[in-house]
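Peer 1: The structure is given below, and queries will be raised subsequently.
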Ligand code: MG
């Protein structure tokens, strides 16, 4: 009788949660378990907010359902550019071109920036150097992915070519080389999957640095790397205060580098 009652009670409790699924007591958690460090949640806490289910991309690299699509081969509606000379502070229509569904740097026109601003984020981007090899080192298929329009993850045709270690493909430019360079042949597309944690400033002072993680063609090359500061050339990177969110930008380094399949997810890494 007691067993029947407790079973009925268990079923009744579960029925309140989901009417069409019969759950066992404990399926949805407990309140009589020890507290986890931090004193907020029990182990398997039934009140702890559950993760929202999203739909992943059909294949690895495809955008999941909660991503913001920055470029899918069709248009540059998510991007802007600044003018030249007297118009350098004026937003102009993007000058970069879409060719066969790929976004191509228009050399000499300047950086491409997202209209929206981002802080902590996950960014997927695919890039390819021009098929015709021209130049060496930094002059060969150079571009860059700039998180917060400052922190450069280098894009370079490092395939069978040499440059300084902290300036090759997959380098956090001027700071950290990747331990290996898992790059594809010149002209073929590479992928970067980036997790970026934005720096924090208070009253114009840095209180938390930026961190970056990178999978380069699926290979882990940077893990929660603490950045020294913004991209610099021939000097040590340093921080300058900026907003909690800033645009993502792509570098015009005078080479017709191509991009495709760009998407971003906003994260809250401090939580
Ligand atoms: Mg670059």
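Residue numbers (the working numbering): 27 to 297. Where is the CB? At the ideal position from N, CA and C, for every residue including glycine.
1. Looking only at C-alpha atoms, which of 148, 223, 196 sits nearest to residue 90?
2. Around ligand 1, what residues have a beta-carbon under 7 Å from a heavy atom of it, in chain order?
3. Roughly how many angstroms separate the alpha carbons of residue 41 and residue 53, rounded to a whole number?
4. For residue 177, write down the residues that DSSP places opposite it in a beta bridge.
5. Roughly how many angstroms separate the alpha carbons of residue 243 and residue 103, rounded to a whole number?
6. Counting Cβ pairs, one atom from each stretch, are 3 or more of them under 8 Å apart for the segment 149 to 166 and the segment 283 to 291?
7. Buried or exposed for residue 168, please, with buried defined as at least 16 other CB atoms from any protein chain shown within 10 angstroms of its CB.
8. Please name the residue or residues paired with residue 239 in a DSSP beta bridge.
9. Ends of the beta strand (DSSP E) at residue 122?
10. Following the continuous beta strand (DSSP E) through residue 246, name the residue where it begins and the one where it ends.
11. Per DSSP, what kind of secondary structure is residue 163 in: helix, strand or coil?
12. Any chance the segment 120 to 140 sits against the segment 265 to 283, with 3 or more Cβ pairs inside 8 Å?
13. Would you please state the rounded distance, in angstroms, between the beta carbons of residue 220 and residue 179? I believe it to be under 8 Å.
14. What whole-angstrom Cβ distance do residue 80 and residue 92 have, given they're in contact under 8 Å?
15. Taking only three categories from DSSP, how would you classify residue 71?
16. Suppose the cutoff is 7 Å on Cβ atoms and the five residues either side in sequence are ignored; what does the same chain contact list for residue 234 look like?
Peer 2: On the basis of the data shown:
1. 148
2. 168, 169, 170, 178, 180, 181, 182, 199, 277, 279
3. Its pLDDT being 48, under 50, residue 41 is placed unreliably in this model, and the value from its coordinates should be taken loosely. Answer to the nearest angstrom: the Cα atoms are 12 Å apart.
4. 173
5. 27 Å
6. yes
7. buried
8. 221
9. Unbroken run through residue 122: none, as it is neither H nor E.
10. 245 to 252
11. helix
12. yes
13. 6 Å
14. 5 Å
15. strand
16. 225, 226
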